[in-house]
Amino acid sequence: MVSASSGVRTQERTEITRRSPSHGALCSTASDARAVAISTLATGRVCVSLSRLAGEEHTGRGGRVWTDVVLVDAPDFIRAGGCPGTFAEAVASAPLAAAKLGPSIEKVTLPATAANRRVCSRPAVVQGVRDGTLAAMAALLLERCSCVVAVADPVAALEGALMLLPLALRGELNVSAGLRFANSRRVTFCVVEQIDVDTRRATRGHPVALLAGDDLAGRSLGILGPWLELMMRWWSEERVGEAIALADSLQVGWSPREILEVAAVCEAIDRHEEDPERLEALLARRAAA
Amino acid sequence: MAIMQAFSTAQPTQVRCLICEAPNSQDAVVCGDCSAPMALVHDALVQGRVPQIISVLGESNVGKTVYLGFLLDMLSQRAHDFEAIPRGAYSIDLQQNVVASMTSRRFPEKTAMEPDRWNWAYYQARKSTGRKSRWYDLVMPDLAGESLAAEVATPHTFRVIRSLLLKSSGAMLLVDAALAANGAARPDFFALKMMSYIDSIFQTRREQKIATPIAIVLCKSDHCPECFDNPRQFVQANLNRLWNLCESRFASIEYFACSAVGAVAYATGGNSGDVDYVRPVPLHTSLQGILEPFEWLIDNI
């Protein structure tokens, strides 16, 4: 750990060191490759790690990885949107030029941003929504299923899948995207570019499912199927802003039953069987409770 | 006995890892806890002997991968009347990688910190001369220097390292002699920390010394040839902190000098970033003192 702001506990430093990616850990070797990991540490705080390639070290050996880590309390993670995009925005705006790093750095401020919306336009996300891949990934995330999923753009796909989920259900994650699978990272949901020999070797004999993105479309969407189908339809109908706003409005405390009720009301409104005020009243009543 | 226990105490469909003793399914290729190859247990069971673990320790960039790769290659080629048989194809990956890299005039890639990316070698070896030459089953993992540093700084960061050292029959601590000869204190401090860590693991009484044989190997000694003349004197003069701790706390210590590279050139350019480092290029290999530490450890295990 090169530098840290005050308030990072010793136990967290140890866990972050153990989980952080090392040389050659990114799926892609492109110069603009990036990866993200979201972990819930033993202290209860959420650790959002943003990794990128950092060229060669002084010995000329390459594949070095630079990781920016943002530690945030679990409720603040949800309040900030529960998606990596927000944290990437915060890190990008912080004065963290490598050459100026000392042993201690300033804390970062999380902006209230719509950075997530930029992800929606990326081709991998658009395609993933259309063919149901992202909805299936979201369902797997909800099930806390231990799996490795191979898709074309892992980071965008994970961000897209998270945005399909109600904000209330984006907590207690242990996920990574763009990083090779490693037991030491203790992630339950790992999104990679391809399932290679090393991944098969590391997962063989362990309860970890290996899933190709192409095989996910048509997979059962589980207990929140109606909600995810609603999200998929709205995204396909270019109602992305509405979908994200609705998902983000379902904050802490919403149960799956209540979420399904919201989905049913939205479907009824779209069929002109209900007034839009019904949804507003439902959300207002829940917010007041 | 320990190997049979690995099978008997676990569930019928499970087998315990040789290093951390975590239960794994029989189909597992690597341990789900420490990422050590499960083949170690399976191969050891076939042999009916508990393998001896020799840990190769050292700071990042000291040359652990190169040293271990060439050591295994020399054993494979029956240097110094040694006969060595790799147990499993995975044991050959490290030496193949090192030989291929050095042949291409480049150092092997940095060993990643994730334990599942480490190279593990399981060899059967013996000195073929003498009437009663004994076979040794040896497990020698190539650890990442940065993982060692993290574990030494904060114990239990990488528990597999602690488990390895506790089970080690011997160890080699590689130290950068070139840096030490130039007056840098970093090799001395890292070696001091490493030996202090080992001392804390074994937790002997103050008046008792640790009996595990440890070879202190001065790497890159081609930069300071005086190492070969008298390694002990070199350590006492240039790595005095390490020397003092070894004298106080370790009963079985020996000092060696070694070198793998015959000549090094320095190149620049070719880096797409803003910073252009001067990087070392190994022009050819010239192995000196590679086998002696291993020989000593085998005699003292």
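Chains as they are written, first to last, in our numbering: chain A, 502 to 790; chain B, 105 to 405.
Ideal placement from N, C-alpha and C gives every residue a C-beta, glycine not left out.
Since the model is a prediction, treat every value here as computed from it, not as a measurement.
- In the three-state scheme derived from DSSP, where H, G and I count as helix and E and B as strand, ALA282 of chain B is classed as helix.
- Between the alpha carbons of ILE123 of chain B and ARG153 of chain B lies a distance of about 15 Å.
- Taken through DSSP and simplified to helix, strand or coil, CYS691 of chain A comes out as strand.
- Identification of chain A residues near MET217 of chain B by a Cβ-Cβ cut-off of 9 Å yields THR518, ARG519, SER521, PRO522, SER523, HIS524, ALA526, SER685, ordered along the chain.
- DSSP, reduced to helix, strand and coil, places ASN128 of chain B within a strand of the structure shown.
- Of the other Cβ atoms in all chains shown, fewer than 16 fall within 10 Å of the Cβ of ASP715 of chain A; this residue is therefore exposed.
- Taken through DSSP and simplified to helix, strand or coil, THR261 of chain B comes out as coil.
- Exclusion of the five residues before and after ALA315 of chain B leaves ALA355, SER356 as the residues of its chain whose Cβ lies within less than 8 Å of its Cβ.
- Rounded to the nearest angstrom, the gap between the Cα atoms of ALA253 of chain B and ASP749 of chain A is 42 Å.
- Cα atoms of VAL382 of chain B and LEU349 of chain B: separation of roughly 35 Å, rounded to the nearest angstrom.
- Contact note: GLU125 of chain B does not reach chain A at a C-beta cutoff of 8 Å; the least C-beta distance is about 16 Å.
- In its chain, beyond the 5 residues on either side, ARG345 have a beta carbon closer than 8 Å to the beta carbon of PHE293 of chain B.
- Only those residues of the region 242 to 273 of chain B whose C-beta falls short of 8 Å from the nearest C-beta of chain A are listed: ALA248, GLU250, ALA254, THR258, HIS260, THR261, PHE262.
- Looking at the DSSP output, GLY274 of chain B sits in a beta bridge with B:ILE158.
- Residues of chain A whose Cβ lies closer than 9 Å to the Cβ of LYS214 of chain B are, in chain order, SER523, HIS524, GLY525, GLU558, THR560, ARG562, GLY563, GLY564, ARG565.
- Taking VAL368 of chain B as reference, the option from B:VAL385, B:ALA183, B:TYR359, B:ILE265 with the minimal CA-CA separation is B:VAL385.
- Note on the region 511 to 565 of chain A: whole alpha helix (DSSP H) runs with a minimum of 4 residues are 511 to 520, in chain order.
- With contacts defined as CB atoms closer than 9 Å, VAL170 of chain B and VAL202 of chain B qualify as a contacting pair.
- In chain order, ILE157, ILE158, SER159, THR316 place their CB closer than 7 Å to the CB of SER272 of chain B, counting only its own chain and leaving out the 5 sequence neighbours on each side.
- Cβ proximity to chain B below 7 Å picks out SER685, ARG702, ALA703, ARG705, GLY706, HIS707 from the region 685 to 711 of chain A.
- Counting along the chain, LYS231 of chain B sits inside no alpha helix (DSSP H); it lies in the beta strand (DSSP E) bounded by residues 223 to 231.
- In terms of beta-carbon proximity, ARG510 of chain A stays away from the interface with chain B, with every pair separated by 9 Å or more.
- Secondary structure within the region 159 to 193 of chain B: the alpha helix (DSSP H) runs of 4 or more consecutive residues, fully enclosed, are 168 to 180 (chain order).
- Flagged as an interface residue toward chain A: MET142 of chain B, by a C-beta distance shorter than 9 Å.
- Residue range 363 to 371 is occupied by the beta strand (DSSP E) that includes ALA364 of chain B.
- Taking a 10 Å sphere around the C-beta of VAL693 of chain A, we find 16 or more other C-beta atoms and assign the residue as buried.
- As DSSP reads the structure, ALA710 of chain A sits in a beta bridge with A:CYS648.
- The C-beta of TYR227 of chain B has 16 or more other C-beta atoms within 10 Å across all chains shown, which makes the residue buried.
- Between the region 704 to 724 of chain A and the region 131 to 147 of chain B, the count of Cβ pairs shorter than 8 Å is three or higher; the stretches touch.
- Rounded to the nearest angstrom, the gap between the Cα atoms of LEU783 of chain A and LEU751 of chain A is 11 Å.
- The beta carbon of CYS646 of chain A sits closer than 8 Å to the beta carbons of THR689, PHE690, ALA710 from its chain, once the five residues preceding and following it are set aside; these are given in chain order.
- Not a single CB atom of chain B sits nearer than 9 Å to the CB of THR530 of chain A.
- DSSP lists B:PRO127 as the bridge partner or partners of ARG120 of chain B.
- ILE606 of chain A carries a coil assignment under DSSP once its states are collapsed to helix, strand and coil.
- Residue environment analysis places VAL573 of chain A among the buried positions, since at least 16 neighbouring C-beta atoms fall within 10 angstroms of its C-beta.
- Using beta-carbon distances, THR515 of chain A counts as an interface residue toward chain B, with a partner under 9 Å.
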